[in-house]
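Its first residue numbered 1, the sequence shown is counted upward by one per residue in full-length UniProt numbering. See structure below.
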Amino acid sequence: MSETQSKINLLLKAAGDAPIMKQNNWTVEGDHTIAWLVAFIKKYLNIDVDSSLFLFMNQSFSPSPDHTLSSLHQCFTTSDKLVIHYSTTNAWG
1 MSETQSKINL
11 LLKAAGDAPI
21 MKQNNWTVEG
31 DHTIAWLVAF
41 IKKYLNIDVD
51 SSLFLFMNQS
61 FSPSPDHTLS
71 SLHQCFTTSD
81 KLVIHYSTTN
91 AWG
């Protein structure tokens, strides 16, 4: 699997007090960044742009905003989906 993979399958899971998405499986461009994903989730869940939203890999650490989804997919996917937890509070770490 190359870092330039065009499409990534995401599984977004709520953690802590975050609202649950009605649709949690998404297919997005691999060159999108974590910063893009934060903005996407905030828009989908109608979370204020000034509110905090934390993303976690392996329920333990937050990737930096400039990481691409394809690089995270390459490093942390055990199946065909990249699992990312999101929370409005710092749930882990």
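Idealized CB from N, CA, C, for every residue including glycine.
- request: Starting from F56, trace the beta strand (DSSP E) both ways and give me its first and last residue.
  value: For F56, the enclosing beta strand (DSSP E) starts and ends at F54 to M57.
field: Assumed close pair H85, F56 - CB separation to whole angstroms, cut-off 8 Å
entry: Between H85 and F56 the beta-carbon gap is near 4 Å, inside 8 Å, which marks them as a contact.
field: Nearest-angstrom Cα separation, counted from D50 out to T77
entry: Straight-line Cα distance between these residues: approximately 30 Å.
- request: Report yes if the CB atom of I8 is closer than 7 Å to the CB atom of V28, and no otherwise.
  value: Yes. Within cutoff.
- prompt: Hey, would you say A15 sits closer than 7 Å to S87, going by beta carbons?
  reply: With respect to the 7 Å criterion, A15 and S87 are classified as neighbours on the basis of their beta carbons.
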